[in-house]
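Student: Just passing along the structure, written as structure tokens.
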């Protein structure tokens, strides 16, 4: 049987990014952390960490981490059942795309959070990358565009998130006086979340404008993204729940109402999930009904 | 003299994270991208890229990138002067801490953005890490807590951002009925941005509660962070400009008004900066006056 104190040291070093911080969190010395990890490396006969800044796991280290995190979550669940008065509050690590976090995700979870004494540990990434966090064992569940379950996991459909290309009336008059055209797209400043965000590329491709052929700001904050649009400084793809109050008040308008883009979102979790994760998944399924298109 | 087409290929591969996407952006084949980078590696006699996913530069590659980006920005500036009617819009890459992006940063830049045809390329990181983006040549300027200039750069003071520990009256009654105590901090669910965010640790330390001894959610979205607090699900350190409307309306209250935390922010930029960067810095200095404490 593996030594779980050693595995815990490995996981803490990777989570905290270094030996010194891991030592602080585990309340042991840095040399004790190193000893545990060396002992574990001896046991499995392979290097487990790349001593870079921040420290990263080797492929073997990653496999041990995935295993440890699953055991850790199962154990948290067991202890929550066995020791309901235990002081330590369970923590659930989840992977979530930025636009879901900015819109429906937390409101959908409010009832669950009010009913359960649990802490959320959220990691954000692009909706096409979050399942990598799940595969790496870094999170116990994730929101992703991937429709099929990855190995050892189950998944279900949450609903659709619809994006419309929005601008202020003033911006539309200045840059798209005759409606959306390829020439307009090549000139007008767009706004994109970051380089992983492909929505504006998909929008532009409908007019045969290729990625790199349109000017765009990169603003990695969903809320500020919309503020830049509201200030007539850019136009861009806004999720329906965020755009609705602005289009209703006439502050923003859809530039090409026929060409919205729909993204279907799925919930993925380990099949060996804990009761808490199953309850959370149930709450999400319920809670997203009013907020995502079905 | 180095071949700048080769340097451009290197920079594009690193920015896009892979050879295939870089090929797409440069409108050349993937094999042409590889050839250019191999030729550059021959010239300098060292490996420049680590062929991981995503592709990362070696230390030598990083030094070449820093050089290339400086030349690129200088050249953009030159061309903007020489060819004012040029079609390509200059892009300014900036490093910025999340709380500044969520509050004062873009409003301070609105007049500059309205007056200049320029695109922002924003990268977010913790205020103690943004200068690494500048040192790496990834950005031409950054907002940081570092008070002294790094080599080849200049800096000036922007102002202070003040954080208060806020909660709803209901949350305060439940978890801190007799005011803030060490015992309360050990029990009450806090909210922290991510593991780099040390503000709540500093708050707790004033009551001799060490990092790891208080329960906390991790929610990497400044806006949702505050929403969790408003929903009575957590308490946490909120920047003054974000908290003010909520405390004025009585929805949130400062838990320990005497123990706010102040962070002084500085602007850093390359000394060899372009006219555009200098104008942007001037606009920031002017624009942050009303939004940061002086």
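Chains as they are written, first to last, in the numbering used here: chain A, 1 to 294; chain B, 1001 to 1294. Glycine residues also receive a C-beta, built at the ideal position from the N, C-alpha and C atoms.
1) For residue 100(A), report the span of its alpha helix (DSSP H) as first-last.
2) Output the distance between the C-alpha atoms of residue 177(A) and residue 69(A), rounded to the nearest integer angstrom.
3) Pairing CB atoms from the region 213-221 of chain A with CB atoms from the region 1114-1121 of chain B, are three or more of them under 8 Å?
4) What beta strand (DSSP E) runs, 3 residues minimum, are completely inside the region 1201-1265 of chain B?
5) If you count every other CB in all the chains shown that lies within 10 Å of the CB of residue 1248(B), and 16 or more means buried, which is it?
6) Does the region 45-59 of chain A touch the region 15-34 of chain A, meaning 3 or more C-beta pairs lie closer than 8 Å?
7) Provide the residue(s) that pair with residue 124(A) in DSSP beta bridges, ordered along the chain.
8) So, using beta-carbon positions, are residue 1061(B) and residue 1010(B) closer together than 8 Å?
9) Indicate the three-state DSSP secondary structure (helix, strand or coil) for residue 164(A) in the structure shown.
10) Flag this pair as yes or no: are the beta carbons of residue 1235(B) and residue 1167(B) separated by less than 8 Å?
11) Does the beta carbon of residue 1007(B) sit closer than 8 Å to a beta carbon anywhere in chain A?
12) With 16 other CB atoms within 10 Å as the buried threshold, where does residue 962(B) fall?
13) Taking the alpha carbon of residue 1268(B) as the reference point, which residue from 1148(B), 1198(B), 1099(B) and 1194(B) has its own alpha carbon closest?
14) Within the continuous beta strand (DSSP E) that includes residue 287(A), where are the two ends?
15) Would you check if there are 3 or more beta carbon pairs closer than 8 Å linking the region 1183-1193 of chain B to the region 1222-1242 of chain B?
16) Specify whether the region 1172-1187 of chain B and the region 1154-1164 of chain B touch according to this definition: at least 3 beta carbon pairs, one from each stretch, less than 8 Å apart.
17) What are the boundary residues of the beta strand (DSSP E) that includes residue 1191(B)?
18) Please tell me whether residue 50(A) has its Cβ less than 8 Å away from any Cβ of chain B.
19) Identify the contact partners of residue 183(A) in chain B, using a Cβ-Cβ distance below 8 Å as the criterion.
20) Using beta carbons (cut-off 8 Å, strictly below), is residue 110(A) in contact with chain B?
21) So that I know if they touch, is there some Cβ in chain A lying closer than 8 Å to that of residue 1248(B)?
22) Since residue 1277(B) and residue 1140(B) should fall inside the 8 Å C-beta cutoff, what is the C-beta to C-beta distance between them, to a whole number of angstroms?
23) Can you check whether the C-beta of residue 1241(B) is within less than 8 Å of a C-beta belonging to chain A?
24) Assign residue 50(A) to one of three DSSP states: helix, strand, or coil.
25) Can you tell me the Cα-Cα spacing of residue 1169(B) and residue 1110(B), whole angstroms?
26) Helix, strand or coil for residue 146(A), going by three-state DSSP, please let me know.
27) Could you check if residue 100(A) is buried or exposed, using at least 16 other CB atoms within 10 Å of its CB as the buried criterion?
28) Show which residues of chain B have a CB atom less than 9 Å away from the CB atom of residue 57(A).
29) Between the beta-carbon of residue 1096(B) and the beta-carbon of residue 1143(B), is there less than 8 Å?
30) On the three-state DSSP scale, how would you describe residue 1011(B)?
31) Just tell me which of 1033(B), 1226(B) and 1047(B) has its CA closest to the CA of residue 1012(B).
32) Using a Cβ cut-off of 9 Å, which residues of the region 13-37 of chain A contact any Cβ in chain B, in chain order?
33) Taking all protein chains shown into account, decide if residue 1200(B) is buried (16 or more other Cβ within 10 angstroms of its Cβ) or exposed.
34) Just verifying my parser: in three-state terms, what is the DSSP assignment at residue 68(A)?
35) Using a Cβ-Cβ distance cut-off of 8 Å, determine whether residue 1216(B) contacts chain A.
36) In angstroms, rounded to a whole number, what distance separates the CA positions of residue 15(A) and residue 64(A)?
Tutor: So, to answer that:
1) 98-102
2) 55 Å
3) yes
4) 1216-1218 and 1236-1239
5) exposed
6) yes
7) 96(A)
8) yes
9) strand
10) yes
11) no
12) Chain B is shown only over 1001 to 1294; residue 962(B) falls outside these bounds and no answer can be derived.
13) 1148(B)
14) Run containing residue 287(A): none in the beta strand (DSSP E); it sits in the alpha helix (DSSP H), 275-287.
15) yes
16) no
17) 1190-1192
18) no
19) Within chain B, no residue comes near residue 183(A); the closest Cβ sits about 11 Å away, beyond 8 Å.
20) yes
21) no
22) 5 Å
23) no
24) strand
25) 36 Å
26) coil
27) buried
28) None at all; the shortest Cβ gap to chain B is about 13 Å.
29) yes
30) helix
31) 1033(B)
32) 15, 16, 17, 21, 24, 25, 26 and 27
33) buried
34) helix
35) yes
36) 14 Å
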